[in-house]
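Residue numbers (this note's numbering): 39 to 156.
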């Protein structure tokens, strides 16, 4: 799958997720990926201290955030973007304040997908 296809898939199901915390949202996304037949690794190690929530097809990282400041999230995404394992990165969040992201980070495409809180 391309980055754009991944983003479209996540956007198409953005209103279907039911959750009360980040772990439940991650579980719901994992279920969606499994049902869609998308190969992924959960809690994938990118370095000695960095684990991204999902690594799709071995190259696209998805980080799920339901809390945290923009500064904290940007710092975390920057560390992830420096990993040679990633070719692209997606932030999936229910916080509009976290949608203000550059289109690229460390030379890799970065996208944000908003999940509406229900």
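Glycine included, C-beta positions come from ideal geometry on N, C-alpha and C. Just so you know, these numbers come straight off a predicted model, no measurement behind them.
1) Hey, residue 78 and residue 94 are a contact pair by Cβ (cut 8 Å); roughly how many whole angstroms apart?
2) Return the CA-CA distance between residue 104 and residue 85, expressed in angstroms with no decimal places.
3) Determine the burial state of residue 55: buried for a count of at least 16 other Cβ atoms within 10 Å of its Cβ, exposed for fewer.
4) Jot down the residue ranges of each uninterrupted alpha helix (DSSP H) in the region 71-131, minimum 4 residues, whole runs only, in chain order.
5) Based on Cα-Cα distance, which residue from 59, 136, 40, 66 lies nearest to residue 113?
6) Beta strand (DSSP E) containing residue 150: first to last residue?
7) For residue 108, count neighbouring Cβ atoms within 10 angstroms of its own Cβ and tell me buried if that reaches 16, exposed if not.
8) Apart from the five residues on each side of it in sequence, which residues of its chain come closer than 7 Å, Cβ to Cβ, to residue 143?
9) Consult DSSP for residue 47 and reduce its assignment to one of helix, strand or coil.
This is what the structure gives:
1) 5 Å
2) 23 Å
3) buried
4) 108-119
5) 136
6) 146-152
7) exposed
8) 115, 116, 119, 127
9) helix
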